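Chains as they are written, first to last, in my numbering: chain A, 12 to 612; chain B, 12 to 612.
Beta carbons: idealized from backbone N, C-alpha and C, even for Gly.
The structure presented is a predicted model; accordingly, all values stated were derived computationally and were not measured.
The next block holds one structure in the form of structure tokens; read it before the comments.
See the structure below:
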């Protein structure tokens with residue numbers, strides 16, 4: 012079985028050339044992100060991912076996490092790997108020094124996270140959720156809460172969860188029923204008693220850490236109905252003692268864990284709260300807005316899962332394609348050759364490689380924007396960048412995860428019959444990838460957010476600004492003498508025009524016929540992804556061309572990058588026109604069928 | 012969990028209006044296929060599928076077939092269901108009366124098979140493989156072999172297998188190594204001793220029937236190398252006694268069964284032959300050509316799996332979308348509504364429904380062509396139809412199965428988080444569907460067959476003939492006053508043009524640069540599928556319009572059909588232009604990357 016190798020050359024190229032690590036490192040507070048430090052971090056993370064996490068990926072899938080009497084045992088090796096992960100300081104990477112973090116840019120943490128996910132997606136979910144919980148507490152928690160929880164969570168000694176979903180409340184959090192009744196008692200101070208059932212709680216129970224810090228959405232007795240009556244609470248598994256050690260067991264219990272298609276090692280808990288002690292985070296009834304802040308980070312993290320799983324599936328398929336002998340070369344062949352010589356296998360590998368690189372580039376560029384938005388002293392720039400980030404988060408989440416499924420499925424296909432056999436490992440990537448278009452908001456939810464909140468609500472200002480950026484790039488591309496880059500330019504321009512047409516359509520439709528605007532939301536999101544990915548790929552091609560001209564860098568890698576970009580243009584960007592037709596002309600047919608005519612038996 | 016209901020209205024519409032059951036029933040030998048008989052068969056099959064097979068689908072997946080000491084036990088209930096299946100005469104449906112068959116058209120058998128697969132894909136594979144073996148024996152077996160085996164196989168008492176693949180010989184059968192040494196002995200007459208290992212043998216061992224008839228590809232000692240030295244043998248599990256009962260156990264043993272992503276109930280055997288007694292089928296060294304004949308039938312059958320699993324996934328998603336309450340209606344809403352009211356869920360359901368109907372229509376039309384080609388007295392018509400069938404088999408196989416995966420994955424998506432939970436059942440359809448693009452020749456193999464053997468080799472005669480048929484349809488569509496049909500016409504014409512462009516490109520490239528011709532083979536196959544599906548959908552819309560005008564038939568169903576066709580045009584046919592760009596301009600980038608640049612670590 013092939014092992015994971017961090018694609019460091021591409022990661023560094025994207026980091027330095029596209030995402031601008033140099034500029035990020037010049038931001039206040041990021042002085043530590045020197046090229047040497049970042050290099051050392053990437054090397055260390057790469058080693059940890061390949062040596063500690065990757066070997067547990069297949070066995071973790073086979074074994075799964077196991078529930079027994081309220082406790083969850085993670086697969087063999089996970090506990091030790093998590094200990095190493097915490098001891099290595101990896102959970103602390105993106106957090107501020109105040110709570111023991113390393114204060115490194117989101118951009119650098121993103122690269123490390125990609126490696127961790129590629130090596131072991133199930134494992135990676137525990138730190139991802141913990142990160143979200145830390146963000147929520149940083150954002151809205153009282154000083155007392157921060158003091159009690161943050162240091163331990165940043166150190167990875169305690170982990171975090173997000174308790175949103177209930178059986179009747181999934182995408183629609185207005186339907187949350189969990190109750191929070193104010194109480195007070197000696198030793199616990201003012202608190203709330205939380206009662207209700209939460210489902211789909213990732214790492215809701217496990218054996219990796221000393222304590223689990225649940226962030227729970229619930230309603231106080233006097234709360235208004237709907238989303239405006241939801242508050243956020245901290246509900247620890249063990250109530251902290253005065254000295255900060257985990258004390259009395261809280262009545263937050265794991266009733267069972269789910270039997271899932273993939274991510275078997277990651278326990279997905281049904282949590283039952285019975286008068287569990289909880290502490291209000293921030294103001295009452297503002298829980299959903301706090302959650303949305305951390306959800307943006309979580310959505311970005313899930314988008315990164317699409318990239319990471321695609322990379323892992325690609326590497327496995329590539330290893331097989333190089334080694335499996337079958338068929339003759341179409342041109343020279345009397346000898347049986349590795350299947351990578353066959354055009355269709357090559358096409359699949361290029362589709363995997365080029366889309367993975369495009370999605371990676373987009374994700375890292377958005378991460379760099381987050382760093383700049385949060386640290387720049389230029390308030391206008393921060394505002395502009397935040398709008399860009401908000402626009403792109405649903406694209407990174409929705410498009411990269413749909414791409415992740417496609418690429419993982421191609422990975423199975425490259426293996427032929429062996430791909431269907433679980434021991435090969437390719438099928439696991441498909442099963443694991445399949446969740447990423449669902450949790451933290453389905454692709455449909457992302458697309459609705461993109462069209463509604465991020466475009467229609469502001470009259471398309473930000474997306475039109477981005478289209479102007481694409482025009483600027485078009486002019487730069489026009490100056491290239493490279494024939495491949497000229498084709499890329501042509502397809503990117505067609506893609507940008509397709510986006511512009513769709514934006515006009517959506518802005519016109521949104522007010523008068525929301526169904527017509529939203530019927531094409533997902534094809535529009537996919538179009539945005541294809542064009543945004545194409546944007547970064549076209550930039551990459553131009554930079555590669557310039558560096559080749561100046562004889563800088565690895566010439567073979569740079570030449571390959573231009574060819575990969577050309578492939579992306581012909582095989583992925585070429586879909587743009589069709590998607591635009593669907594968005595702008597296909598809405599009517601979506602709602603045309605009477606409900607009772609869907610199945611005529 | 013939602014049950015399977017045969018979509019009888021659509022099946023009958025396609026059968027009668029598009030595939031022309033009336034004309035098929037007028038062919039010599041198909042007189043029994045009267046409307047009443049066919050109706051009774053469909054009702055009976057629908058009942059059997061829903062009541063006997065569907066309830067075993069989920070439990071069969073959970074339990075799986077189990078190997079122990081060379082024996083395989085199928086999941087609980089399978090043995091009894093198979094007994095009912097055989098007693099009901101279902102295996103005999105498509106075979107001639109000579110061996111006890113019912114002599115019904117392939118077209119009718121196809122509808123029944125769709126139901127069986129929808130209800131239980133794992134179960135359906137046993138009769139599918141048996142059918143293939145019966146065809147091979149009918150085609151090339153001696154009278155003695157036919158007499159010994161066919162009656163029992165047609166009755167379903169003995170089942171059949173196809174033993175092609177070996178560890179080193181998958182898509183490339185030239186690499187087959189299994190040996191067949193001539194021998195002779197009292198009681199067994201002239202036979203061969205077969206030795207070798209075969210893998211991926213569907214129902215290679217099981218407990219459903221009295222005997223298993225393996226058809227095995229092997230080489231005789233003096234055989235030429237490569238595909239021209241492969242012969243076909245019958246190797247029964249139990250050597251038949253003189254009275255036809257199963258006798259001595261042959262040394263064809265099941266060494267293990269695979270642990271697969273899906274179709275868990277269907278045992279996929281590793282078969283070991285150690286001087287097993289085998290009987291030559293037809294002439295030596297012609298095994299592959301016999302296999303190809305039965306492979307066409309098998310490929311059609313696998314294509315049908317794409318349709319059937321898509322239908323099942325659609326029905327499950329539809330049931331959930333009608334019952335799951337979440338979110339408000341975009342137009343009128345203060346109340347929480349079933350998610351089928353939301354445009355994106357509706358879009359997914361329409362994508363599932365319209366593509367399933369398109370692929371079904373294409374498959375049934377090809378089945379009807381098989382019936383006519385085999386029974387018509389007009390030799391020119393038979394030849395023309397056979398060429399059409401040969402052209403369309405890889406499309407039915409490749410496109411319908413890729414579509415099946417897409418639709419099954421959409422089915423998971425419609426369920427949101429519940430789709431990822433195995434108990435929901437949606438994930439099983441995705442896992443089951445995933446094999447269909449692989450076995451009986453991957454999509455890449457189908458696409459190569461389509462471009463090479465079916466188009467380039469004959470200078471595109473048949474595909475150009477089909478494009479003329481599309482032109483005729485275009486003229487008929489032009490006469491419609493229906494606005495939806497006018498849009499359908501426009502998109503179908505663009506699709507046909509896209510096919511024509513690709514055919515010109517391929518014919519020009521095939522001779523001088525095969526890599527360039529074949530680099531876009533799969534996108535071309537997908538284009539052919541989309542346009543061929545669109546062809547049948549456009550015919551359906553025209554027929555529905557005519558019947559509505561004449562006030563014939565179910566008006567609500569017919570109106571819904573036109574809307575479904577319109578959706579297909581805007582959301583599926585709209586992809587045609589992008590696919591053509593990829594085929595005609597994207598080949599260069601496929602082979603451009605040096606092999607060592609695929610992974611730059």
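Look at residue 183 of chain A: its C-beta is under 8 Å from a C-beta on chain B. For residue 368 of chain A, the enclosing alpha helix (DSSP H) has its first and last residue at 354-386.
Distance from the Cα of residue 41 of chain B is smallest, within the candidate group B:25, B:104, B:66, for B:104. With contacts defined as CB atoms closer than 8 Å, residue 510 of chain A and residue 549 of chain A fail to qualify as a contacting pair.
Here the segment 410-422 of chain A makes contact with the segment 317-335 of chain A; the two share three or more CB pairs at distances below 8 Å. The straight-line gap separating the alpha-carbon atoms of residue 223 of chain B and residue 582 of chain A is approximately 46 Å.
Residues of the segment 516-533 of chain B with a Cβ closer than 7 Å to any Cβ of chain A, in chain order: 525, 526, 529, 530, 532, 533.
Closest in C-alpha terms to residue 286 of chain B, from the list B:195, B:271, B:512, B:372, comes B:195.
About 14 Å separates the beta carbons of residue 319 of chain B and residue 25 of chain B, which is beyond the 8 Å limit, so they are not a contact pair.
Contacts between residue 351 of chain B and chain A, judged by CB atoms closer than 7 Å, involve 606 in chain order. Against chain B, the beta carbon of residue 18 of chain A has neighbours under 9 Å at 610, 611, 612, listed in chain order.
Against chain A, the CB of residue 168 of chain B has no partner CB under 8 Å away; the residue lies outside that interface. Where residue 304 of chain B is concerned, the enclosing alpha helix (DSSP H) starts and stops at 298-334. Put simply, of B:506, B:451, B:88, B:198 the residue whose alpha carbon is nearest the alpha carbon of residue 174 of chain B is B:451.
In this structure, residue 462 of chain A sits away from residue 530 of chain A, with a CB-CB distance that is not shorter than 8 Å. Excluding five sequence positions before and after residue 598 of chain B, the CB atoms of its chain that fall closer than 6 Å to its own CB belong to 527, 530, 531, given in chain order.
Among the residues facing chain A, residue 408 of chain B is not included, as its CB has no counterpart in that chain under 8 Å away.
In the displayed model, residue 484 of chain B falls within a helix according to three-state DSSP. In the same chain as residue 213 of chain B, and ignoring 5 residues on each side of it, the C-beta atoms closer than 7 Å to its own belong to 136, 140, 172, 277, 279, in chain order. Between residue 133 of chain B and chain A, the shortest Cβ-Cβ separation is not below 8 Å.
Chain order gives the chain A residues near residue 575 of chain B as 604, where near means a beta carbon separation below 7 Å.
Along the segment 561-589 of chain A, the positions whose C-beta sits under 7 Å from a C-beta of chain B are 567, 568, 571, 574, 575, 577, 578, 581, 582, 585, 586, 588, 589, read in chain order.
Look at residue 424 of chain A: its C-beta is under 8 Å from a C-beta on chain B. Taking 8 Å as the cut-off, the beta carbon of residue 272 of chain B is found no closer than this to the beta carbon of residue 89 of chain B. Secondary structure note for residue 110 of chain A: it is in no beta strand (DSSP E), with a DSSP letter that is neither H nor E. Taking all protein chains shown into account, residue 144 of chain A has 16 or more neighbouring C-beta atoms within 10 Å of its C-beta and is therefore buried. For residue 593 of chain B, the nearest beta carbon of chain A is closer than 8 Å to its own beta carbon. Secondary structure of residue 104 of chain B (DSSP, three-state): coil. Going by beta carbons, residue 221 of chain B and residue 168 of chain B fall inside the 8 Å limit.
In the same chain as residue 555 of chain A, and ignoring 5 residues on each side of it, the C-beta atoms closer than 7 Å to its own belong to 569, 572, 573, in chain order. Per DSSP, the continuous beta strand (DSSP E) segment holding residue 244 of chain B begins and ends at 242-247. Listed along chain A, the residues sitting closer than 7 Å to residue 269 of chain B by beta-carbon distance are 432. Unbroken alpha helix (DSSP H) runs of no fewer than 4 residues, entirely contained in the segment 35-115 of chain B, are found at 46-59, 68-74, 89-98, following chain order.
In this structure, the beta-carbon distance from residue 341 of chain B to residue 525 of chain A falls below 8 Å. Residue-level contact by beta carbon holds for residue 337 of chain B and chain A, with a gap shorter than 8 Å. A direct Cα-Cα distance of roughly 9 Å separates residue 610 of chain A from residue 364 of chain B.
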